[in-house]
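Visitor: Dropping the structure in here first, questions after.
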Amino acid sequence: MISLKPYKGGRRGFLLLLVPILVFCIYSVQLKWADFFPQEYGMGVIKKFFAAALEPALDYQDLDMPESAPPFSYKIGAALWNTLQYAVCAISLSLPIGLLLGFLSSKSWWPLRSTSVFTRLTLVITHRIARTVTTAGRSIHEILWALIFITALGTSPMAVIVALSIPYSCSLAKVFSELLDEQPTYAKAYLHSLGGGSFNSWLYGIFTISLTDIVSYTLYRFECAIRSAAILGFVGIATIGLHIETAFEDNYYNELWTLLYALLALILIVERSSHYIRKSMTHYPSAKHLPDDLSPSSLRRAQPKRWLLKISAICAIGLTTTSWTTGESLFSKLSWEQRMSNLDRFLSEEITPYPVQKSGDWGDAIPWAKQLFLEQGVEGSLQTLYIGTAAMILAFLMGLITLPWSSKSLNEEKPYGIYAGNNGILNWLHKLISLFLRALFILCRSMPEFLLAFLLLQMLGPTAWPLILGLAIHNYGIIGRLGGELADHSDLNHTKVQLAQGGSRLQGYLFSILPAYFNRMVLYFFYRWETCIRDATVLGLLGISSLGFLIDEARARDNYDEWLFFILLSACIVIIGDIVSEIIRKKLRNSGIQS
Amino acid sequence: MFQLTDITKSFGATIALNKISLEIKQGEHVALIGPSGSGKTTLLKLLNGQLLQNSGSYTIAESHLNNLSNKNLRRLRSEIAYIPQDLGLIPQLKVFQNILLGRVGKHSALGMLSKFLIPPRNNLQNIFSLLERVGIPEKMYQHTATLSGGQQQRVAVARALFQQAHSLLADEPISAVDPARARSLITLLTEIATENQLTLVMSIHNVELAREFFPRIVGLKNGHILFDSPEVSTKQLKELYHLSESELVEP
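Chains A and B supply the protein sequences, listed in that same order.
Under the numbering used here, the first residue of the first sequence is numbered 1, with each subsequent residue one higher.
Under the numbering used here, the first residue of the second sequence is numbered 596, with each subsequent residue one higher.
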């Protein structure tokens with residue numbers, strides 16, 4: 001019996017659910033819609049801030065600068081180089097660790113034939129340990145790692161690099177292991193059938209297939225590392241973020257714009273280069289002319305060289321070597337003894353819970369932790385959760401709404417190759433809007449969310465709106481790009497059919513692309529939601545009530561025991577977010593999403 | 596070369612091969628025919644030692660499959676070239692790299708890595724000659740992903756030859772090409788097998804080509820050997836491909 005009931009409408013249900021959740025989150029962080037609009041003071045800041053956008057400073061705005069001060073361009077260059085240097089060092093350290101951890105967290109290399117119980121047990125235990133290390137490393141934000149290292153060991157560039165590298169190695173490892181596990185196994189099985197050993201079959205049958213994705217993700221993480229290095233300036237590290245913060249505090253808006261433009265240029269250069277490297281890696285050129293005498297060497301010479309990849313590899317090696325060897329010493333001038341005594345004091349005194357310091361009994365730590373958790377922790381955690389969730393819902397809904405106008409394929413003169421009539425200027429308008437939106441996506445995702453939140457905070461005043469908006473803007477850029485990729489890189493025959501049947505572009509989106517890729521978009525939603533929660537844990541450092549605020553406040557009071565407690569609490573929130581997102585994504589994948 | 600006695604292989608409740616006995620001698624050319632799901636792929640995988648039978652005895656080159664250590668099993672497999680239906684090529688690699696991997700079973704991890712990263716001149720020359728033999732020498736340095744389906748099949752054949760095996764097992768290698776290309780590929784495979792005195796076992800859907808090129812044809816149905824003879828009569832074919840009532844679609 002065929003049911004005549006309309007389908008259950010899970011998609012509509014999900015979308016409709018997002019709106020009340022958004023309202024609930026906004027209501028719960030005690031936000032009023034009126035706070036969304038800047039007050040009189042904020043308006044003044046906005047006017048001055050945007051007026052300066054067209055006139056970035058070419059020299060110091062401070063007229064009292066001493067003669068001996070280095071030239072302004074040198075200051076900008078040094079700030080940029082420091083930022084880049086931290087990012088390069090962090091990524092070059094994270095990559096080998098990430099590869100090793102990713103390999104150990106993956107099951108793709110496990111022998112096919114059942115081996116001895118002992119080998120099996122060793123594999124399972126290694127896998128579990130690697131997974132736990134990966135999750136734990138990622139759960140604490142890089143800014144918090146930096147604060148921990150600086151507090152424990154004293155400020156030194158190496159401490160900052162290691163702090164950046166811990167979560168980055170773990171993020172790389174997590175994604176690498178997923179990439180390896182999700183590869184098709186036919187090539188590995190085939191090499192096995194030729195007598196290939198487990199490692200050989202894995203290396204050529206799985207790893208070589210994943211290599212493009214591994215490089216691609218590493219490039220993306222490098223871009224993220226530049227953003228992370230930049231915002232480390234907000235906790236006192238000499239990167240561009242520090243100069244941005246001081247320029248704002250001194251009201252030197254023209255200088256601020258020069259710094260913002262410089263940072264944006266650096267990120268855009270890296271972003272665009274990664275884009276072309278990725279493209280070049282999946283583009284296989286063929287020889288245009290065959291040599292007259294065919295031989296291995298003549299054929300090899302006739303093969304077009306992939307110059308971009310070669311030059312990029314040389315640049316990467318050069319940049320890594322320069323970053324590790326130039327500038328101030330990576331190790332601080334503090335002696336080894338001093339650093340060890342810092343660490344000893346940190347471990348034995350500062351982070352020991354206050355009641356335990358007094359009584360020496362660790363049993364006293366439990367009521368202390370319970371009190372902290374109930375009095376401040378619950379509230380701070382919930383605020384963090386609300387801020388991250390509200391930001392992600394905003395970004396997701398905005399992404400879905402603008403996708404039909406941003407998709408490249410849908411806004412071509414002939415959408416998906418289907419002639420759409422002679423519309424003159426309208427065709428150009430479609431193209432122009434799509435181009436504008438795609439440029440906006442790049443701009444949004446290039447700006448670090450922390451920096452966006454900082455700037456918005458100065459304009460909108462001290463409410464949670466700047467944090468939500470900063471996170472939402474950055475994620476809107478990412479969702480826009482991911483959605484665009486889905487719409488552009490797929491061969492949707494039903495979209496073509498709908499257009500050929502007289503449907504409009506918008507109808508093609510609403511009734512073909514959206515239903516086909518909705519689950520995938522929801523998958524992206526949860527993937528980004530877990531990242532939003534992680535980022536929301538540190539946005540409070542800007543002074544808005546949430547976990548980051550509690551962390552900052554405890555540090556300001558020199559209560560390092562409470563400080564560490566809240567950092568660990570933030571890690572717990574992130575791990576819970578990870579687990580929830582993982583479960584939902586697994587369910588979505590199992591519900592039949594094409595990969 | 597391959598000696599199967601009363602072999603049964605099942606996957607859960609499904610019996611793929613049911614008490615099969617078969618002997619294939621060195622240098623023989625055998626075609627396996629039969630409807631989809633008759634057990635052809637399972638038989639080929641078993642011959643390659645990828646699967647272990649549930650009962651019966653199987654010896655390859657006088658070694659019992661059950662008793663082989665992992666090391667010896669690998670050594671044995673490295674002597675048997677296998678072309679699966681999906682060809683098992685790695686699209687991201689260049690043609691010569693895919694062919695080099697034909698000898699993956701003959702090298703240690705480090706040995707293979709050094710040959711893969713810095714291929715010895717004689718290996719390259721050898722690969723070039725094999726590609727000439729299969730008719731696509733100019734594709735040697737191209738990425739495998741850029742080749743057409745027919746060209747990829749030729750790469751798979753070249754890789755099987757590079758392996759320098761004593762036997763060649765091919766699982767429906769012509770299922771995805773047009774009739775002219777199918778004929779040319781079968782000609783190539785049988786010629787190469789004769790030249791190199793290889794044992795050739797191939798599963799094939801095209802009965803006409805099987806009759807034309809193979810001196811021995813084995814008909815499989817529901818996991819049983821229906822016939823094993825040099826000639827196939829129309830009656831035997833009818834019985835082989837006869838659809839049961841449940842498989843017939845009502846007009």
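Glycine included, C-beta positions come from ideal geometry on N, C-alpha and C.
Counting only beta-carbon separations shorter than 9 Å, does A:H192 have a partner in chain B?
Guide: Here residue 192 of chain A refers to the residue found at position 192 when the first sequence is read from its first residue. Yes, because at least one Cβ of chain B sits closer than 9 Å to the Cβ of A:H192.
Visitor: Check each residue of the segment 481 to 512 of chain A: if its Cβ is closer than 9 Å to any Cβ of chain B, include it; give the result in chain order.
Guide: For the segment 481 to 512 of chain A, which is checked against every Cβ of chain B, not one residue is closer than 9 Å.
Visitor: Say whether the segment 388 to 401 of chain A touches the segment 523 to 531 of chain A, bearing in mind that this needs 3 or more beta-carbon pairs closer than 8 Å, one atom from each stretch.
Guide: yes
Visitor: Classify B:P768: buried if its beta carbon has 16 or more other beta carbons within 10 angstroms, exposed otherwise.
Guide: Locating residue 768 of chain B in the second sequence gives position 173, where the first residue counts as 1. Flag for B:P768 reads buried.
Visitor: Between A:L309 and the rest of its own chain, which residues show a CB-CB distance below 6 Å, the 5 nearest in sequence each way excluded?
Guide: Locating residue 309 of chain A in the first sequence gives position 309, counting from the first residue. Within the same chain, A:L309 has close Cβ partners S280.
Visitor: Measuring only the C-alpha atoms, how far is B:H800 from A:T185?
Guide: Taking the first residue of the second sequence as 1, we reach residue 800 of chain B at position 205. Taking the first residue of the first sequence as 1, we reach residue 185 of chain A at position 185. Using only the alpha carbons, I get a separation of about 26 Å.
Visitor: Let's test the definition: count the other Cβ atoms within 10 Å of the Cβ of A:D535 and tell me whether it reaches 16, buried, or not, exposed.
Guide: Locating residue 535 of chain A in the first sequence gives position 535, counting from the first residue. So A:D535 counts as buried.
Visitor: Which residue wins for smallest C-alpha separation from A:L172, given the options A:L550, A:T135, A:K414 and A:F436?
Guide: Your numbering for residue 172 of chain A matches position 172 in the first sequence. Checked all of A:L550, A:T135, A:K414 and A:F436; the closest Cα to A:L172 is A:T135.
Visitor: Which of the residues in the segment 654 to 672 of chain B, read from start to end, lie with their CB under 8 Å from any CB of chain A?
Guide: N665, L668, R669, R670, L671 and R672
Visitor: Buried or exposed for A:T537, going by 16 or more other Cβ atoms inside 10 Å?
Guide: The residue labelled residue 537 of chain A in the question sits at position 537 within the first sequence. Per the 10 Å Cβ criterion, buried.
Visitor: Considering only the alpha carbon of each residue, which of A:S446, A:Y476, A:S210 and A:Y416 lies closest to A:G399?
Guide: On the first sequence, position 399 is the one that residue 399 of chain A refers to. The candidate whose alpha carbon is nearest that of A:G399 is A:Y476.
Visitor: Quick check on DSSP: helix, strand or coil for A:R306?
Guide: Taking the first residue of the first sequence as 1, we reach residue 306 of chain A at position 306. Three-state result, A:R306: coil.
Visitor: Taking the alpha-carbon positions, what's the A:S595 to A:T218 distance?
Guide: Locating residue 595 of chain A in the first sequence gives position 595, where the first residue counts as 1. Locating residue 218 of chain A in the first sequence gives position 218, where the first residue counts as 1. Model confidence at A:S595 stands at a pLDDT of 35, short of 50, so the residue's coordinates are unreliable; what they give is reported in the following sentence. About 21 Å.
Visitor: Answer yes or no: does any C-beta atom of chain B fall closer than 9 Å to that of A:T212?
Guide: Working through the first sequence from its first residue, we reach residue 212 of chain A at position 212. Yes - at least one Cβ of chain B is within 9 Å of the one on A:T212.
Visitor: From A:G480, A:D250, A:R272 and A:G196, pick the residue whose C-alpha is nearest to that of A:L63; which is it?
Guide: Here residue 63 of chain A refers to the residue found at position 63 of the first sequence. Of the residues A:G480, A:D250, A:R272 and A:G196, the one whose Cα lies closest to the Cα of A:L63 is A:D250.
Visitor: Report the neighbours of A:P296 on chain B: residues whose CB is nearer than 7 Å to its CB, in chain order.
Guide: Numbered from 1 along the first sequence, position 296 holds the residue referred to as residue 296 of chain A. Neighbours of A:P296 on chain B, chain order: L719, Q720, F723 and M735.
Visitor: Any C-beta of chain A sitting closer than 9 Å to the C-beta of B:A611?
Guide: Translated into the one-based positions of the second sequence, residue 611 of chain B becomes position 16. Taking Cβ atoms only, chain A never reaches closer than 9 Å to B:A611, which makes this a no.
Visitor: Along chain A, which residues have their Cβ under 7 Å away from the Cβ of B:M707?
Guide: In the second sequence, the residue the question calls residue 707 of chain B occupies position 112. Here the neighbours are N200.
Visitor: For B:K640, count neighbouring C-beta atoms within 10 Å of its own C-beta (all shown protein chains included) and say buried if the count is 16 or more, exposed if not.
Guide: Within the second sequence, residue 640 of chain B is the residue found at index 45, counting from 1. Its Cβ being crowded by 16 or more others within 10 Å, B:K640 is buried.
Visitor: Residue range of the alpha helix (DSSP H) that A:N519 falls in?
Guide: Numbered from 1 along the first sequence, position 519 holds the residue referred to as residue 519 of chain A. Start and end: L514 to L539.
Visitor: Report buried or exposed for B:K830, applying the criterion of at least 16 other Cβ atoms within 10 angstroms of its Cβ.
Guide: The sequence position of residue 830 of chain B within the second sequence is 235, counting from 1. Classification of B:K830: exposed, given that the 10 Å Cβ count is below 16.
Visitor: With respect to the beta strand (DSSP E) encompassing B:H819, which residues constitute its N-terminal and C-terminal limits?
Guide: By 1-based counting over the second sequence, the position of residue 819 of chain B is 224. Its beta strand (DSSP E) spans residues H819 to S824.
Visitor: Distance check for A:D35 and A:R463, CA to CA, integer angstroms please.
Guide: As a working mapping, residue 463 of chain A is identified with position 463 in the first sequence. As a working mapping, residue 35 of chain A is identified with position 35 in the first sequence. In the sequence as presented, Arg is not what sits at residue 463 of chain A; that position holds Thr. Distance between the alpha carbons of A:T463 and A:D35: 7 Å.
Visitor: What first and last residue would you give for the beta strand (DSSP E) that runs through B:V813?
Guide: As a working note, residue 813 of chain B is residue 218 in the second sequence. Run containing B:V813: R811 to K816, per the beta strand (DSSP E) assignment.
Visitor: Would you check if the distance between the CB atom of A:M447 and the CB atom of A:L294 is smaller than 9 Å?
Guide: Position 447 of the first sequence holds residue 447 of chain A. Position 294 of the first sequence holds residue 294 of chain A. It is not a contact, given that the beta carbons lie outside the stated cut-off.
Visitor: For A:L452, I'd like the list of residues in its chain whose CB is within less than 7 Å of its CB, leaving aside the five on either flank, ordered along the chain.
Guide: Position 452 of the first sequence, counted from the start, is the residue given in the question as residue 452 of chain A. G470, I473 and H474.
Visitor: Could you name the residues of chain A that B:N643 contacts, counting a contact when the two beta carbons are closer than 7 Å?
Guide: The sequence position of residue 643 of chain B within the second sequence is 48, counting from 1. Around B:N643, the beta-carbon contacts reaching into chain A at under 7 Å are S193.
Visitor: Within 9 Å (strictly less), CB to CB, does A:T122 reach chain B?
Guide: As a working note, residue 122 of chain A is residue 122 in the first sequence. Judged by the 9 Å Cβ criterion, A:T122 is not in contact with chain B.
Visitor: Using beta-carbon positions only, say whether A:S106 and A:L153 come within less than 9 Å of one another.
Guide: As a first step, residue 106 of chain A is located in the first sequence; it is residue number 106 there, counting from the start. As a first step, residue 153 of chain A is located in the first sequence; it is residue number 153 there, counting from the start. The answer is no: Cβ separation not under 9 Å.
Visitor: Could I get the ranges of all uninterrupted alpha helix (DSSP H) runs contained in the segment 72 to 106 of chain A, with 4 residues as the minimum, in chain order?
Guide: DSSP runs (the alpha helix (DSSP H)) wholly in the segment 72 to 106 of chain A: 72 to 105.
Visitor: Determine the burial state of A:S177: buried for a count of at least 16 other Cβ atoms within 10 Å of its Cβ, exposed for fewer.
Guide: By one-based count along the first sequence, residue 177 of chain A stands at place 177. Its Cβ being crowded by 16 or more others within 10 Å, A:S177 is buried.
Visitor: Going by CA-CA distance only, name the one from B:L663, B:F757 and B:G706 that's closest to B:E727.
Guide: Taking the first residue of the second sequence as 1, we reach residue 727 of chain B at position 132. The candidate whose alpha carbon is nearest that of B:E727 is B:F757.
Visitor: Does the beta carbon of A:L22 sit closer than 9 Å to a beta carbon anywhere in chain B?
Guide: Stepping through the first sequence from its first residue, residue 22 of chain A is reached at position 22. No - not a single Cβ of chain B is within 9 Å of the one on A:L22.
Visitor: In three-state DSSP terms, what is B:L843?
Guide: In the second sequence, counting from the first residue as 1, residue 843 of chain B sits at position 248. Any reading at B:L843 must be qualified, since the residue scores a pLDDT of 49, below 50, and its modelled position is unreliable; the value itself is stated next. Note: B:L843 maps to coil in three-state DSSP.
Visitor: Only counting runs of 4 or more residues, tell me where the alpha helix (DSSP H) segments fall wholly within the segment 354 to 406 of chain A, in order along the chain.
Guide: 354 to 359, 365 to 372 and 378 to 406
Visitor: Here's the rule I'm using: 16 or more other beta-carbon atoms within 10 Å means buried, otherwise exposed. How should A:L494 be labelled?
Guide: For the purposes of this step, residue 494 of chain A is taken as the residue at position 494 of the first sequence. First, the residue type needs correcting, since residue 494 of chain A is His and not Leu in the sequence shown. Exposed, because fewer than 16 other Cβ atoms sit within 10 Å of the Cβ of A:H494.
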